[in-house]
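In what follows, a structure is listed as structure tokens, so that the remarks can point back to it.
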Amino acid sequence: MTETIVQQLIFTLGVAREMASWESPDYDFVILLIQQALRAAEEEALRHGIVTDFDAASEHQQ
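Under our numbering, read the sequence shown as residues 15 to 76, first letter to last.
In structure tokens form, the structure reads like this:
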């Protein structure tokens, strides 16, 4: 995976997590799965020396 693809994947998963959190409690399982995928993608990025930090950017938009 290239650095750009990894960054896009992590950003997209973060957005999906936020969108799911706006929905009803029925989405709790979806949020859990997205968080697991997000952690796995971040760990893989770190293994390849790719640093990603989109949480700070997303907090500024709120």
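Ideal placement from N, C-alpha and C gives every residue a C-beta, glycine not left out.
Asked	Found
Helix, strand or coil for residue 67 per DSSP?	coil
Assess, as a yes-or-no matter, whether the region 48 to 59 is touched by the region 23 to 30 under the definition of 3 or more beta carbon pairs within less than 8 Å.	yes
Is the CB-CB distance between residue 31 and residue 19 below 9 Å?	no
Please classify residue 126: does DSSP put it in a helix, a strand, or coil?	The shown model of the chain, from 15 to 76, leaves out residue 126, and the question about it has no answer.
Report the rounded CA-to-CA distance for residue 22 versus residue 16, giving the unit in angstroms.	10 Å
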